[in-house]
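Start counting the sequence shown at 356; every next residue gets the next number (the working numbering). A short write-up of the structure that comes next.
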Amino acid sequence: MEIVDTEATLFPGRPNQAVHRLGRLLGAVTQHVRRYQRLPVSMEEIRGSGSFSASAVVDPWQTPVRYRVYGDYFELRSAGEDRQFDTNDDVYTIGLSGRDDPCLIREAQGNLLDFSAQVPRCTVPQSRGVEP
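This is how it looks when you write it as structure tokens:
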């Protein structure tokens, strides 16, 4: 019997898989906020929920996903194909504490998907240290 990689089948291409993984982690952060009334302080706290395998907290290029908190906002970032953070091929999502939907997603192709107009209170100011 052949083992099928469901993520690779449903989300072909590593950039798409990275967006999918970040979406799952965004959901885990939201669940944590609902349970504890605060953002997790680290990726280990997110992993501690027990609902993720070790592969869920690394990107498709085998680099650990970076999690940062900026006040009420948080960022989940894949370093992308070059495995270096804060470069043009990074995939990231910016979320707001307590919201299921992201404020912003930047795909590896450079497409910026801005949902801030649809998400109440969701603005991503530069002063928070978050780079759109």
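Just so you know, even glycine gets a beta-carbon here, dropped at the ideal spot from N, CA and C.
Candidates the options, of which the one nearest residue i by Cα
{"i": "R369", "options": "D441, L451, E436", "result": "E436"}
{"i": "I449", "options": "T385, N371, E400", "result": "T385"}
{"i": "V412", "options": "L377, N443, L467", "result": "L377"}
{"i": "R421", "options": "Y447, L467, R379", "result": "Y447"}
{"i": "D414", "options": "R438, E430, I401, R423", "result": "R438"}
{"i": "G403", "options": "A383, R461, P419", "result": "A383"}
{"i": "I401", "options": "T418, Q417, R379", "result": "R379"}
Spatial neighbours of residue i in its chain, beta-carbon cut-off 6 Å, leaving aside the 5 residues before and after
{"i": "S452", "result": "V388, L394, D427"}
Residue burial classification, residue i (beta-carbon count within 10 angstroms, cutoff 16)
{"i": "V396", "result": "exposed"}
{"i": "Y391", "result": "exposed"}
{"i": "L467", "result": "exposed"}
{"i": "Q335", "result": "Any property of residue 335 remains undetermined from this structure, which presents the chain solely from 356 to 487."}
Beta-carbon proximity list for residue i, same chain, < 7 Å, skipping 5 on both sides
{"i": "R423", "result": "F429, E430"}
{"i": "F440", "result": "R421, R432, A434"}
Residues that DSSP places opposite residue i in a beta bridge
{"i": "F429", "result": "V424, G450"}
{"i": "S461", "result": "As written in the sequence, residue 461 is Arg, which differs from the Ser given in the question. Paired residue(s): Y447, L467."}
Could you name each continuous alpha helix (DSSP H) segment of 4 residues or more that falls completely within the segment 382 to 427, going from the start of the chain to the end? 398 to 402
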